[in-house]
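Colleague: Counted from 1, the sequence shown has number 16 at position 8 by the working numbering; the numbering is strictly sequential. Handing you a structure now.
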Amino acid sequence: MANEILKAAHVEKQAANDGELALINRQTLRALTAEEVYTFRLAACDNQVDRDSERFTEATLEGLASLFVGKPVLMDHLWSAGTQTARVYAGSVEASGGVKRLVLRCYMPRTEKTAETITAIETGILRECSVGCAVERVICSICGANQTETCCRHRPGREYDGQVCHMDLDGARDAYEVSLVAVPAQAEAGIVKSKRYGGKEAPEVPEESGDDEELKMAQAIQEQEEKRYGGM
Ligand SMILES: [Zn+2]
């Protein structure tokens, strides 16, 4: 999935009350009881410019909230054999302090097989995760160019005439999966300065030195991500 966007998220507590159970049971073949399920929330992406110098628009967050329902929550292969044990049963956009955030509510069955994973979540060992999604448009805040069609010369995080460039991730196209990781999210390990979004190259223009290295690094990181997440 060349255009998959990965973002770090955090695991939070979620009680399994009757309202939540009703939503969970839309995903199941038989009605589960509160004792049979373990629920948790993921505070995923928000509408603020993040460390990748990207920002989800509110419309994108709303779109992702429904697209993520029913999607699998994958466990880091470092942690388990990688079998799917959890699923997103509800998504919503929550506002706090002027920030709009996508919150995904997830459930997993309480079984002998999942007990270890549940303990890891409850004790905070598994608290980082990443969400994978795709968007329709990636809009440059400086010139408005849609990077999925044509890459412009502006680099996210750089300043142009007093304005710092960021990319607006606009229009939810698809939601793929959520991955719980046992180590701090890989997505945060390195800041990708010159990320590519799949658009055609902008016309050749002279660039200051150093950009080539940055670009190569970004491409290498993206290739790694594609391998890791089963690119098509
Ligand atoms: Zn631009």
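Where is the CB? At the ideal position from N, CA and C, for every residue including glycine. None of the values given here were measured: they were computed from a predicted structure.
Near K21, which residues of its chain fall below 6 Å by C-beta distance, leaving aside the five closest residues on each side in sequence?
Modeller: If we look at K21 and ignore the five residues flanking it on each side, it has no Cβ neighbours.
Colleague: By the three-class DSSP mapping on this structure, what secondary structure does G238 have?
Modeller: Caution applies to G238, whose pLDDT of 43 falls short of 50 and renders its modelled position unreliable; the value that the coordinates give is listed next. Three-state result, G238: coil.
Colleague: State yes or no: is the C-beta of L159 nearer than 6 Å to some heavy atom of ligand 1?
Modeller: Sequence inspection shows Cys at residue 159; the Leu mentioned does not correspond to that position. For C159, the shortest C-beta to heavy atom distance toward ligand 1 is 6 Å or greater.
Colleague: Excluding the 5 residues preceding and the 5 following A94 in the sequence, name in chain order all residues of the same chain whose CB lies nearer than 6 Å to its CB.
Modeller: V81, C114, M116
Colleague: Please classify V19: does DSSP put it in a helix, a strand, or coil?
Modeller: In the three-state scheme derived from DSSP, where H, G and I count as helix and E and B as strand, V19 is classed as strand.
Colleague: Give every residue of the same chain whose Cβ lies closer than 8 Å to the Cβ of T41, excluding the five residues on either side of it in the sequence, and list them in chain order.
Modeller: L29
Colleague: What is the DSSP secondary structure of D54, counted as helix, strand or coil?
Modeller: strand
Colleague: Leaving out five residues before and five after D58 in sequence, what residues of the same chain have Cβ atoms less than 8 Å from its Cβ?
Modeller: Counting only Cβ-Cβ distances below 8 Å, and skipping sequence neighbours, we find K15.
Colleague: Does DSSP put G71 in a helix, a strand or coil?
Modeller: helix
Colleague: Shorter than 6 Å, the distance from the beta carbon of H162 to the closest heavy atom of ligand 1, or not?
Modeller: Flag set: Cβ of H162 near ligand 1.
Colleague: Rounded to whole angstroms, what is the Cα-Cα separation between I147 and Y184?
Modeller: 21 Å
Colleague: Return the chain-ordered list of same chain residues with a C-beta closer than 6 Å to the C-beta of F64, the five sequence neighbours on each side being excluded.
Modeller: C53, N55, L177
Colleague: Which residues in the same chain as C173 place their Cβ atom closer than 8 Å to its Cβ, once the five residues preceding and following it in sequence are excluded?
Modeller: When the five nearest sequence neighbours on each side are left out, the beta carbons in the same chain lying within less than 8 Å of the beta carbon of C173 are those of S61, C148, S149, I150, H162, R163, P164, G165, R166, E167, in order along the chain.
Colleague: If I measure Cβ to Cβ from E70 and keep anything under 6 Å in the same chain, skipping five residues before and after, which residues do I get?
Modeller: Answer for E70: V101, listed in chain order.
Colleague: Residue range of the alpha helix (DSSP H) that A123 falls in?
Modeller: 123-130
Colleague: What does the Cβ neighbour count give for E66, buried or exposed, with the cut at 16 atoms within 10 Å?
Modeller: exposed
Colleague: Any heavy atom of ligand 1 closer than 6 Å to the CB of C151?
Modeller: Under cutoff, so the answer is yes.
Colleague: Which partner residues does F64 have in the DSSP bridge list?
Modeller: L177
Colleague: Might you give, ordered along the chain, the residues of its own chain that have their beta carbon closer than 7 Å to the beta carbon of V143, omitting 5 neighbours on each side?
Modeller: I13, T68, L177, D178, G179, A180, R181
Colleague: Taking C-alpha atoms, which residue in R145, T36, A103, S138 lies nearest to Y97?
Modeller: T36
Colleague: For the alpha helix (DSSP H) containing A30, list its first residue and its last residue.
Modeller: 26-32
Colleague: So, for G78: in the same chain, excluding its five sequence neighbours on each side, which residues have a beta-carbon less than 7 Å away from its beta-carbon?
Modeller: Q35, R95, V96
Colleague: By DSSP, does P192 sit in helix, in strand, or in coil?
Modeller: Low confidence applies here, because P192 scores a pLDDT of 48, under 50, leaving its location unreliable; read the following figure in that light. DSSP places P192 in coil when its eight states are reduced to three.
Colleague: If I measure Cβ to Cβ from V107 and keep anything under 7 Å in the same chain, skipping five residues before and after, which residues do I get?
Modeller: D54, N55, Q56
Colleague: Go to A98, then tell me how far its beta strand (DSSP E) extends in each direction, as first and last residue.
Modeller: 94-104 is the span of the beta strand (DSSP E), which, as asked, contains A98.
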